[in-house]
Each structure stands twice: as C-alpha cells, then as structure tokens.
Amino acid sequence: MDLHQFKYFLALSKELHFWNTASKMHITQSALSRQIQSLENELGLQLFYRDKRNVKLTPAGKFLQEKWEIELNHLNSLHQLAKQIHLGESGSIRLAYPDSISSSVLPEFIKKIVHLYPKLKVELLQLTTENEEEYLKNYKVDIVFTRDLTSSPTINHKKLNHENLSFVVPEHHVFRSLEDITEQSLKKEKLILTTQDHNSSYNDIVKEIITSYNMQPDSSIQCEFGSTVISLIKNGLGISILPYSYSLHQYVGIRFIPLPFVTALYINWRNDDPNPILKNILNLI
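Right under this line is the structure:
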C-alpha cells in the first residue's frame, strides 16, 4: 500500500464513479481501476461493489473510508508542519536575555517574530553571564542577548546597540544629578551590584566606574538580576550601577542618573548551527 492508493480510494469513495474520479485525480480510468484492484488484493478484501452502472462501498470499504480519511488529514497536517519546520516557519526558538532589555529591545524583537512566524514557539530565559556560553554551546538556548563580548571561536556575535550606564538611587535620594556624585559623597553609600563573571567585559566597565569614583565594593550587596537590585534600592538598602534601559521599566520610587560610561548589547549564536529557524530569526535583526 502507498499514499497514492489511499488517495485514489478516498476519492472514489466520495465520487462513486470511476470516470469522474479518474478525471479529478488526473489519471486514466483503467489506471484507477488497477490501483483499486491492487489495493483490494493487498488487503485481501473487497472495498467496492461495482457493476456496469453502479459503484458502492462495501461495509469494510465504508469502515476504511472513515478511518483513512482521518489518517490522511493527519498526515497532510504533519506534512505541512514538517514543511514549515524545514522553512524555519514553525518549531521553537529559545532566547536568553538580560533583565535590562525586557522593556526595550526584547518586546520589539518578539513582536516581529510573532507577526512573521505566528506558528513559531518562542521560549525566553534569563541567564547569568557566566552561564550564557555554556547554554549556547550545549544547545540549551539558540540565541543569547548579552552585554558580554564573547571570544569563543564557536560562537558568532553581532553588536546591536550601546547605551549609557547609570547610577540608580531611590527617588528621594540626595543624588539628583551627576554633579551631586563625588568620591566623598559616595563613601556613605552601600553598593548593590548584579553578580557578574570576573571575565565579563560588562563587569570590566562596572569596575572602571567603581575605580573612577574610588568606591568600596567590599561592602556591596550582590544578586543575580537587575530587577531584584532595583527592589532593594526602593527599600533603601543602597544604590547601584545599571544600564539606563532599566528606566524604561517605569519603576516607581527610583531615579536613574546617566553616567559617561557605555555598555554594548550583543546577540550571540552558534556559528555551525544549520537550523533554518535560527537563520530566519537572525534576518530580523
């Protein structure tokens, strides 16, 4: 049995007329008869009652018509899904991203994906910098948005944008502008930082700011994500250094003071990945 025989049988079971069915299936009437006869021989049963004037389904034929129509529709659906996956229009894509872009770059990017590839499943993860490369190399994620510049030969990267870092303070803090922030005024402040890999290029910029103001990082609080840092700041537990894009989160009770230090945003992906979905997504950048 093959798929063509199923299709010929189902077409004939609806038309109940050999000539009409053959015409619709673009084969000769004799070829259709041979295909049906071959199918009946292989199954060892009669599918149709037929004489010179009439064609009718046998009870066994009626049963198989109902079952095979469901199966054929299912096969057609699977074929369409496989084709969409082949073209990169369906399946899934896993994206890792830093907390800072969740109100800026990320939603705009996801909006593009959903609009152009509505059948694509998008999975979002937040990772610490130290885990990004491991997740990417081990196929736990497909794309990483990051502020850390990779040096791995197996990972491609592209710079998307850059922005200022900023001091983040409570809304009613005495620091209202950059002029208020001096080495002396910072001595009383508790510093809250996101946990960073010591080999991170982003961490190097934060260290540069700390050094330029002669701050005391030994007395700092550290946690993994910027949103947690901001919650601690709102509760008066200290100040922080974060990308200015956090201000787009529209936090209440927080002030952002831009600094003359810049951080870049990159997108990383495996350079040997043949996934057509990945290619389509990267074309949106």
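Counted the way numbering that gives the first Met the number 0 counts, the sequence shown spans residues 0 to 284.
A virtual CB, placed ideally from N, CA and C, is assigned to each residue, including glycine.
Computed from a prediction, not measured in an experiment: that's the story for all the values here.
query = Does the Cβ of residue 44 have 16 or more other Cβ atoms within 10 Å, making it buried, or fewer, making it exposed?
reply = exposed
ask   = Can the beta-carbon of residue 93 be found closer than 7 Å to that of residue 122?
value = yes
ask   = Should residue 268 be labelled buried (16 or more other beta-carbon atoms within 10 Å of its own) or exposed?
value = buried
key: Beta-carbon proximity check, residue 239 vs residue 232, cutoff 7 Å   = yes
request  = Note the first and the last residue of the continuous alpha helix (DSSP H) segment covering residue 12.
outcome  = 2-14
ask   = Residue range of the beta strand (DSSP E) that residue 177 falls in?
value = No beta strand (DSSP E) holds residue 177; DSSP gives it neither H nor E.
query = Straight-line CA distance for residue 152 to residue 272?
reply = 13 Å
query = According to DSSP, what are the bridge partners of residue 33?
reply = Residue 33 is not bridged to any residue.
Three or more C-beta pairs below 8 Å linking the stretch 94-104 and the stretch 240-253 = yes
query = Hey, residue 188 and residue 127: beta-carbon distance below 7 Å or not?
reply = no
ask   = Three-state secondary structure (DSSP) at residue 85?
value = Residue 85 falls in the helix class under three-state DSSP.
message = Please state the DSSP three-state secondary structure of residue 233.
response = helix
query = Three or more beta-carbon pairs under 8 Å between the stretch 198-217 and the stretch 60-75, yes or no?
reply = no
request  = Would you mind listing the beta strand (DSSP E) stretches within the stretch 62-125 that are 3+ residues and don't spill past its ends, in chain order?
outcome  = As far as the stretch 62-125 is concerned, its whole beta strand (DSSP E) runs of at least 3 residues are 90-96, 119-125.
request  = Under 8 Å by Cβ, that's how I've got residue 177 and residue 256 pegged, so tell me the actual separation to the nearest angstrom.
outcome  = 6 Å
ask   = So, helix, strand or coil for residue 194, using DSSP?
value = coil
query = What residue does the alpha helix (DSSP H) around residue 202 start on, and which one ends it?
reply = Taken as a continuous stretch (DSSP letters only), the alpha helix (DSSP H) holding residue 202 covers 200-211.
message = Can you list, in chain order, the residues of its chain with a C-beta nearer than 8 Å to that of residue 55? Leave out the 5 residues immediately preceding and following it.
response = 15, 47, 48, 49
Residue 283, buried or exposed, once every other Cβ within 10 Å from all chains shown has been counted against 16 = exposed
query = Mind checking whether residue 258 and residue 221 have CB atoms under 7 Å apart?
reply = Contact: no.
message = Check this for me: beta carbons of residue 38 and residue 17, under 7 Å apart or not?
response = Not in contact: residue 38 and residue 17 (Cβ atoms no closer than 7 Å).
inquiry  = One question on the structure: do residue 144 and residue 229 come within less than 7 Å of each other, judged by their Cβ atoms?
reply    = In this structure, residue 229 does not lie closer than 7 Å to residue 144 by Cβ.
query = Cα separation between residue 116 and residue 162?
reply = 30 Å
ask   = Candidates 171, 114, 97: which alpha carbon is nearest residue 194's?
value = The option with the nearest alpha carbon to residue 194 is 97.
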